[in-house]
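As structure tokens, the structure follows; a few thoughts come after it.
Chains as they are written, first to last, in this note's numbering: chain P, 1 to 333; chain G, 1001 to 1333.
Here is the structure:
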């Protein structure tokens, strides 16, 4: 199955297939091999066989622990002694704090002062040290850079980092190993760590699989970048999918340009509706960002947007993997 | 492991171990072998190793499909042709409708006219035919008896039926097979089908295991029956655990008297708190009734209420199975 391996064949991507396999071996003892769940009623609605990779059931409640663990356990002992630093208002913050605790080092986390309390509590529960900053991107990066300069801590960027991308790639690798003959895999896209990793991890395991990103209309920078071939920025976003408010980095965009099959935009209503269906029918808690990967499949003609290859006389439904990226929500009761 | 088999050794219970094994074989091709999930943070709170048997992820969203499938697939062809009838406002209704559809027969379901819309929709989605009645117990049983007399349909009682109890026993049998050396298993108790089945299924697989029921203070008939040794009735109940408003039958009470190790009452606040913890920490949707099995373990001294045998110099935490009975809730958003 390694004949069309995008990771090993890619000239522009420095992430070889071997790197992803090594990342998987490195993190496997510490993370969950998350289950793949199915739902007859959602299959019926989507007119497809859906295979949900449940990263909401992953340690720290999201796939982010894969990349963070790979990055932090790739450090030399000397680097690890200096501690790590990152900036994030969400799941990457908790993942870095948790992985740093596993490695026995310190994690400095820069968070916007309006970050949800539940996210702050998660970081603190893993022993991460929070520094609050103004809720704008420049304040985050400047504060993190200042801490890095003062302490010598190693920066663990949320997605503009090959170790992170290789770690996130292991979710799709596991999915494609557990569920053979997938026609397509969908993930949400924000900074592109999960989506670019999924391109490498899924196609590296199963070369003919198509990979698509789901993105909120209200945070459509990846779609615009993909369409125009030029990296676009995101000024601001108020999408309910609070994990998808970052924009692509050059590193993730380059991988997507080479390997991605498309990006599908979804409305806020479609996100909420898909999220509710998963809670009700599958009895699992996902955050809105996760629903963005399923939402395109539930609308009329959604399946045709994937433009899957004609399967000729084959009349079976397509087999589609959906990566449910996380389950961290604040319950207001 | 069959030396102290409560099912086969029981004089008063007509349910032999062989009956449970046969039930499992009968239903296995149609139901999910549900996963057992764990949570480090809940282990920490309970000071025990908890193993959650996720019947909320079961077909129709609850364990009830086990008993219903066993009962309906135990019918002769002649019986099955006559159709089945039951009365239930909840998960048993959907389970009977679903299992009847699998068997290719009809299901008449008597439901109180104030039954939640979501429960009615579930019954209808499986092709069950609903007859509404006044929301009192006598109206339910009388209406079901009338339909039975008119149509010749076979009554599938929610719990006062050996085929149902043997079916429900398979959840604990699976759990005890998947997780060896359990010290105790907890389930919610209402009519006692799940709890009596759990006594037989768990102790039949692992003879030294203790079995306990969790029950809302506001629907404490099983506790009072257990304490007094005389079957007590439940006048009415407004507990949030809407699946636990029935009372024991002579058949289930007899099994509990012989094999149960205790019943633990929980307050409404403890139910809501346990439910929220499971949603937040484990990222799964459970209904309030399910939380009743965990709630006793989360209060100070909760573990001591189980009065587990002294393990001497052994200092490891006890290993406790918790059966999460269902996940059918109405989401108000």
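We put the beta carbon where it would ideally sit given N, CA and C, even for glycine.
Exercise. Could you tell me which chain G residues have their CB closer than 9 Å to the CB of residue 276(P), listed as they occur along the chain?
Key: 1331, 1333
Practice problem: Look at the alpha carbon of residue 54(P) and the alpha carbon of residue 1037(G), and state the distance between them as a whole number of angstroms. | Solution: 13 Å
Self-check item: is_contact[residue 56(P), chain G] using C-beta, thresh 8 Å
Solution: Among the CB atoms of chain G, one or more fall inside 8 Å of the CB of residue 56(P).
Quiz item: Quick one: what's residue 1112(G) bridged to in DSSP?
Solution: 1133(G)
Quiz item: Is any beta-carbon of chain P found at less than 8 Å from that of residue 1035(G)?
Solution: Chain P, which has a Cβ nearer than 8 Å to the Cβ of residue 1035(G), makes this yes.
Quiz prompt | Residues near residue 106(P) in its chain [Cβ-Cβ closer than 6 Å; skip 5 each side] | solution = 83
Exercise. Using a threshold of 8 Å, state whether the C-beta atoms of residue 1212(G) and residue 1186(G) are closer than that.
Key: yes
Practice problem: Establish whether the CB of residue 1012(G) and some CB of chain P are separated by less than 8 Å. | Solution: Below a pLDDT of 50, predicted positions are generally treated as unreliable, and residue 1012(G), at 48, falls in that range; no measurement from the model is reported.
Self-check item: Spatial distance of residue 128(P) from residue 1283(G) (CA atoms)
Solution: 22 Å
Exercise. Output the boundary residues of the beta strand (DSSP E) element that contains residue 1210(G).
Key: 1210-1216
Practice problem: Taking only beta carbons into account, state which residues of the stretch 1274-1303 of chain G come closer than 8 Å to chain P, listed in chain order. | Solution: 1276, 1279, 1280, 1282, 1283, 1284, 1285, 1286
Quiz prompt | Expected contact under 8 Å - CB spacing of residue 191(P) and residue 169(P) to nearest Å | solution = Approximately 14 Å separates the beta-carbon atoms of residue 191(P) and residue 169(P); this is outside 8 Å, ruling out the contact.
Quiz item: Over what stretch of residues does the beta strand (DSSP E) that includes residue 1087(G) continue unbroken?
Solution: Taken as a continuous stretch (DSSP letters only), the beta strand (DSSP E) holding residue 1087(G) covers 1084-1087.
Quiz item: Is it the case that the Cβ atoms of residue 152(P) and residue 20(P) are separated by a distance below 8 Å?
Solution: no
Exercise. Kindly say whether residue 243(P), judged by its beta-carbon, lies nearer than 8 Å to any beta-carbon of chain G.
Key: no
Practice problem: Drop a sphere of 10 angstroms on the beta-carbon of residue 76(P), count the other beta-carbons inside from all chains shown, and report buried for 16 or more, exposed for fewer. | Solution: By the neighbour-count rule (16 or more Cβ atoms within 10 Å), residue 76(P) is not buried but exposed.
Quiz prompt | From 1109(G), 1161(G), 1115(G), 1159(G), residue whose alpha carbon lies closest to that of residue 1146(G) | solution = Of 1109(G), 1161(G), 1115(G), 1159(G), the residue nearest in Cα terms is 1109(G).
Quiz item: Can you find a CB in chain G that lies within less than 8 Å of the CB of residue 327(P)?
Solution: yes
Quiz prompt | Alpha-carbon to alpha-carbon, residue 1255(G) and residue 94(P) | solution = Straight-line Cα distance between these residues: approximately 48 Å.
Exercise. Work out the CA separation of residue 1072(G) and residue 1078(G) for me, nearest whole Å.
Key: 12 Å
Practice problem: Just the C-alpha distance for residue 195(P) and residue 173(P), rounded to the nearest angstrom, thanks. | Solution: 12 Å
Practice problem: Scan the stretch 1054-1081 of chain G for residues whose Cβ lies nearer than 7 Å to a Cβ of chain P and list them as they occur along the chain. | Solution: 1056, 1057, 1061
Quiz item: Tell me the DSSP bridge mates of residue 1033(G)?
Solution: Paired residues: none, contrary to the question.
Practice problem: Pick out whichever of 324(P), 333(P), 331(P), 303(P) has its Cα sitting closest to the Cα of residue 48(P). | Solution: 303(P)
Quiz item: In this structure, does DSSP put residue 184(P) in helix, strand or coil?
Solution: strand
Quiz item: Who are the Cβ neighbours of residue 261(P) in its own chain at under 7 Å, not counting the five residues just before and after it?
Solution: 210, 211, 212
Quiz item: If we count the other Cβ atoms within 10 Å of its Cβ and call it buried at 16 or more, is residue 331(P) buried or exposed?
Solution: exposed
Quiz item: If we count the other Cβ atoms within 10 Å of its Cβ and call it buried at 16 or more, is residue 1238(G) buried or exposed?
Solution: exposed
Quiz item: Do the stretch 293-303 of chain P and the stretch 316-323 of chain P meet, that is, are 3 or more Cβ pairs less than 8 Å apart?
Solution: yes
Quiz item: Whole-angstrom Cβ separation of residue 1197(G) and residue 1165(G), contact assumed at under 8 Å?
Solution: 5 Å
Quiz item: Roughly how many angstroms separate the alpha carbons of residue 1099(G) and residue 244(P), rounded to a whole number?
Solution: 42 Å
Quiz item: Distance, Cα to Cα, residue 132(P) vs residue 1026(G)?
Solution: The alpha-carbon atoms of residue 132(P) and residue 1026(G) are separated by roughly 59 Å.
Quiz item: CA-CA distance, residue 220(P) and residue 229(P)?
Solution: Residue 229(P) has its alpha-carbon roughly 14 Å from the corresponding atom of residue 220(P).
Quiz item: Roughly how many whole angstroms lie between the Cα atoms of residue 274(P) and residue 1225(G)?
Solution: Approximately 45 Å between the Cα atoms of the pair.
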